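Step one of this worksheet: look at the structure below.
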């Protein structure tokens, strides 16, 4: 048997990947640019349900993605993606060349069809343009993963034992907890990016996530709750938790127990009823994590703004055309700052994106003024701005998309207790659950884990089954207090693209106060 | 694509090897090659664009082994997969992973065996789609774009707007979507099956959204087929036509309205609320909106809903107007049958309703990507048929409505308070019209209405279903819903995003 497939393979591919790409591109005379991404992921997953073992998996994925821009009279893109395995190792160079050929042939055919369409439709064909990439530095770099307990060496038996213990403890915690499932994943991913411009980046990530789902049923009601914790670190994330400046993860045991206790409390609480009018709402950092994701992160992805996701994940209310945007305009209260920053820790962290651009902090809202979008090299060229390194794929076999890194509401100066104390009558919205956002992100409804009444500055009655609903700009303009309690949380799934790519991201924010309609049980 | 013969040989040889291992009680080997080829579209008349933005493919092949071990008087089940390696080494590697990662799952009884039902579908795939050339993939995308552009160019309503200094391109015409070809080949061998089963299938879909953005007008076109020559870009023309028809849209006031839902909203509700709630695993974990309601009336008696994975024989049909059958796989059926709480979860004694738990929907699907070798079997619908008792036309349904709304496309439809609560919310994003005096009237402006309601109320308030249905594939869904138009006596609508008028 040949050597096992591991992330170490990237080490041996790195010296020849750039040369191979340059060589094969040279032999295809209409090729203008090409890049290649190779990724190997070693992953372990375990799950338990109602105190019993349920599954355990150990996989190694090896995927390749190739992009070629080519054409004679006009330039167009073509792509190729494939999952490989150990059996492909012997003839890997041939397979990569075949993949390049597919991407090239698609780009050439695409270029020819584009030219025909441009000449057939005189007025409407004018928009069909050469594919251009904004300039970026061709980096050569190696980025190491951070972890204490290596995901590759942690024992899968140990992982399974841990989550089964957690699940068993929930099973015995309260008879009103009728169902629980607990799962965890730990992985090490290593990615190689090479381009015909000379970039060659070897980047590794560790990631560990724990997830819990509980259903509590009581005489007065029922409640499902699910939540995830995690970080770009090793297995220690699950067993010990994380205490960092912005991330405070409890260990999975305590995290799951708290979730189950909340589910029981909620199942015994009265249902929230919708309000007919806007009310004062104070939302905590966990709730604002999803809010930042949905109403800041997504509409500031430039591919959406340029209509490239119209049929799928939607557009953005922040850009109608290149000459009609909200750039430089007030879209939020002067207290609101929001940005994306891949240097922040957590699921959204990276140094280089998937086309080799170094990730930068992108200011979206500064003192209420809209400042800019996350972009890729192609979308940056359309807008005529520098690329900011926000082009990411879920797997190397898939075409990257403009993706938020870690998109957050910036911290304010107020204490969260004070923000609540100032409210005569209102609601405290704690923890996010499920979002439903309008297509251009101009309106949102997000349900919360818990909704408390605030009466004369004090937190009172707990309600189940509710959240808030608001028009995005109105909500942002009415923010009148922002806390200093800035926190980051993981978003375990975010879907975008076709085929849909589900990706883990980071988001966060502080406590905020604004006005919105309460949306309760229907 | 790897040949079916190779996949079959791998499965046979693999099973022979595994059977020789001493501690193995049962085993199953699944070998698959799976590819998604897609021409992703992005045309914007007012922004530089590529037209066909991403002609691309992603392919994976490999095998997985599920094996039941007997170890220290304990039965253990394990699954291991190996990508890109169909040799005996690949089988050994996957088998060793299955052994190393096996678990003692007290709910696990045995691997799936034959159901006794005879297979009816053989060689039903499209050979042309299975061997699609790069040029054909690209051309399929451009057919959609050019048909849409021709439709826009010839639309009198747009010509009227595009006079003088204003050109057609200044109206912000958008064409977005894709043409996607799914290719699947698989072989499965098991100690509980008589001989190796093989299958190959293709699915072609085209899903297109067109806009006249200056008018906030959006239209949808879609096509779904099993043969390549059935898709000729018509979805592009349809989307453009619908976008033009949606111009000069109006807002709808807050309130409860009689509503007719088109095929896409019906499909969206099926994908995100109804089908997940009809899965046996949702009954097991008590998250189903239909918890404890098997054999009870859960929808208007006008409605019949069934999943049918073998269309020629209609053997998989399970009518659920009165909830009579669930979507299930072998594992979920077995564990519900032995679950002491099953009567409370289902509402009936499972032994008396064994047919309702028939395991016909165990697939290894992956978010719209077909059957993959490395995915654990789970429950997945196939062809879902939503039927009405009476043979109505859309005109019949409209005639009953004095003032209401036809909703042709919804967005981001989620069980906002959890599946079990049945509450859902979504926004209306296109293809929608006011209904006045029994006829379609002004278009509803895109993104100005949110629906907030409950699935139980909706299902009970269905007053009519059209005979004509349309095969519709949702985003990242594996099932095809043959969705009609349905009339609902009332649905709660809220107006949203008023500030957009002033931007």
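Chains as they are written, first to last, in this note's numbering: chain A, 1 to 522; chain B, 1001 to 1503.
Using N, Cα and C, we set each Cβ at its ideal position, and we do this for glycine too.
All figures in this text were calculated on a predicted structure; none of them were measured in a lab.
Do residue j and residue i count as a contact pair if the criterion is CB distance below 8 angstroms?
{"i": "residue 100 of chain A", "j": "residue 145 of chain A", "result": "no"}
{"i": "residue 1058 of chain B", "j": "residue 91 of chain A", "result": "no"}
{"i": "residue 1122 of chain B", "j": "residue 1173 of chain B", "result": "no"}
{"i": "residue 1432 of chain B", "j": "residue 1399 of chain B", "result": "no"}
{"i": "residue 423 of chain A", "j": "residue 384 of chain A", "result": "no"}
{"i": "residue 1126 of chain B", "j": "residue 1228 of chain B", "result": "yes"}
{"i": "residue 302 of chain A", "j": "residue 370 of chain A", "result": "no"}
{"i": "residue 305 of chain A", "j": "residue 1209 of chain B", "result": "no"}
{"i": "residue 1451 of chain B", "j": "residue 1488 of chain B", "result": "no"}
{"i": "residue 1153 of chain B", "j": "residue 124 of chain A", "result": "yes"}
{"i": "residue 1375 of chain B", "j": "residue 1479 of chain B", "result": "no"}
{"i": "residue 1504 of chain B", "j": "residue 508 of chain A", "result": "Because residue 1504 of chain B is not part of the residues shown, which for chain B are 1001 to 1503, the question remains open."}
{"i": "residue 47 of chain A", "j": "residue 169 of chain A", "result": "no"}
{"i": "residue 232 of chain A", "j": "residue 393 of chain A", "result": "no"}
{"i": "residue 103 of chain A", "j": "residue 173 of chain A", "result": "no"}
{"i": "residue 400 of chain A", "j": "residue 1036 of chain B", "result": "no"}
{"i": "residue 1082 of chain B", "j": "residue 51 of chain A", "result": "no"}
{"i": "residue 1499 of chain B", "j": "residue 130 of chain A", "result": "no"}
{"i": "residue 1299 of chain B", "j": "residue 1328 of chain B", "result": "no"}
Taking C-beta pairs closer than 8 angstroms, name the residues in chain A that residue i reaches, listed in chain order.
{"i": "residue 1415 of chain B", "result": "434"}
{"i": "residue 1046 of chain B", "result": "127, 321 and 322"}
{"i": "residue 1169 of chain B", "result": "123, 124, 126 and 127"}
{"i": "residue 1054 of chain B", "result": "77, 79 and 399"}
{"i": "residue 1504 of chain B", "result": "As shown, chain B starts at 1001 and ends at 1503. That puts residue 1504 of chain B outside it, with no answer to give."}
Whose Cβ in chain B lies nearer than 8 angstroms to the Cβ of residue i?
{"i": "residue 168 of chain A", "result": "What residue 168 of chain A touches in chain B: nothing, since even the nearest Cβ is about 12 angstroms away."}
{"i": "residue 217 of chain A", "result": "1286"}
{"i": "residue 557 of chain A", "result": "Absent from the model: residue 557 of chain A. The displayed extent of chain A is 1 to 522, so no value can be given."}
{"i": "residue 443 of chain A", "result": "1427, 1447, 1450, 1496 and 1497"}
With a threshold of 6 angstroms on Cβ separation, who are the neighbours of residue i within its own chain once the five nearest residues in sequence on each side are excluded?
{"i": "residue 504 of chain A", "result": "347 and 492"}
{"i": "residue 447 of chain A", "result": "433, 434 and 467"}
{"i": "residue 1020 of chain B", "result": "none"}
{"i": "residue 200 of chain A", "result": "18, 140 and 194"}
{"i": "residue 1317 of chain B", "result": "Bear in mind that the predicted position of residue 1317 of chain B carries a pLDDT of just 27, short of 50, making it too unreliable to give a figure here."}
{"i": "residue 1482 of chain B", "result": "1385, 1469 and 1471"}
{"i": "residue 496 of chain A", "result": "313 and 401"}
{"i": "residue 1027 of chain B", "result": "1018, 1067 and 1191"}
Excluding five sequence neighbours on each side, which residues of the same chain lie with their C-beta closer than 7 angstroms to the C-beta of residue i?
{"i": "residue 1160 of chain B", "result": "none"}
{"i": "residue 1145 of chain B", "result": "1041, 1043, 1051, 1052, 1175 and 1236"}
{"i": "residue 259 of chain A", "result": "212, 214, 225 and 227"}
{"i": "residue 993 of chain B", "result": "With chain B covering 1001 to 1503 only, the question about residue 993 of chain B has no answer from this structure."}
{"i": "residue 484 of chain A", "result": "411, 412, 413, 414, 415 and 510"}
For residue i, go through chain A and note every residue whose CB falls closer than 7 angstroms to its CB, in chain order.
{"i": "residue 1333 of chain B", "result": "Simply none; closest approach about 17 angstroms."}
{"i": "residue 1374 of chain B", "result": "59"}
{"i": "residue 1082 of chain B", "result": "85"}
Taking residue i as the query, report the chain A residues whose CB atoms sit under 9 angstroms from its CB, ordered along the chain.
{"i": "residue 1153 of chain B", "result": "121, 123 and 124"}
{"i": "residue 1024 of chain B", "result": "Ordered by position in chain A, no residue passes the 9 angstroms Cβ test against residue 1024 of chain B, which lies about 18 angstroms from the chain."}
Name, please, each residue of chain B whose Cβ falls closer than 7 angstroms to the Cβ of residue i.
{"i": "residue 526 of chain A", "result": "In the structure as shown, chain A starts at 1 and stops at 522, and residue 526 of chain A therefore has no counterpart that could be examined."}
{"i": "residue 473 of chain A", "result": "1499"}
{"i": "residue 317 of chain A", "result": "1500"}
Could you pull out every residue in the same chain whose Cβ sits closer than 8 angstroms to the Cβ of residue i, ignoring the five residues on either side in sequence?
{"i": "residue 1075 of chain B", "result": "1025, 1068, 1069, 1104 and 1108"}
Taking residue i as the query, report the chain B residues whose CB atoms sit under 9 angstroms from its CB, ordered along the chain.
{"i": "residue 308 of chain A", "result": "1040, 1042, 1044, 1049, 1053 and 1176"}
Discussion item. Any contact between the stretch 1035-1046 of chain B and the stretch 58-72 of chain A? By contact I mean 3 or more CB pairs, one from each, below 8 angstroms.
Written reply: no
Worksheet item: With a cut-off of 8 angstroms, do at least 3 Cβ pairs link the stretch 1174-1186 of chain B to the stretch 1262-1274 of chain B?
Response: no
Discussion item. Report the start-end ranges of each alpha helix (DSSP H) in the stretch 1405-1480 of chain B that is 4 residues or longer and not cut off at the edges.
Written reply: 1455-1460
Fill in: Whole alpha helix (DSSP H) elements within the stretch 118-204 of chain A, 4-residue minimum
156-171
Worksheet item: Unbroken beta strand (DSSP E) runs of length 3 or more, entirely within the stretch 1190-1272 of chain B: which are they?
Response: 1197-1212, 1217-1225 and 1255-1261
Fill in: Stretch-stretch touch, CB-based, cutoff 8 angstroms, three pairs: the stretch 191-206 of chain A with the stretch 340-355 of chain A
yes
Item to complete: Would you be able to state if there are at least three C-beta pairs under 8 angstroms between the stretch 234-243 of chain A and the stretch 467-482 of chain A?
Response: no
Worksheet item: Fully enclosed by the stretch 206-278 of chain A, which beta strand (DSSP E) runs are 3 residues long or longer?
Response: 222-231
Discussion item. Which complete alpha helix (DSSP H) runs does the stretch 5-55 of chain A hold, if anything under 4 residues is left out?
Written reply: 9-26
Discussion item. Would you call the stretch 332-341 of chain A in contact with the stretch 402-415 of chain A, where contact means no fewer than 3 C-beta pairs closer than 8 angstroms?
Written reply: yes
Worksheet entry | At least three beta-carbon pairs within less than 8 angstroms, the stretch 1441-1455 of chain B to the stretch 1491-1498 of chain B | yes
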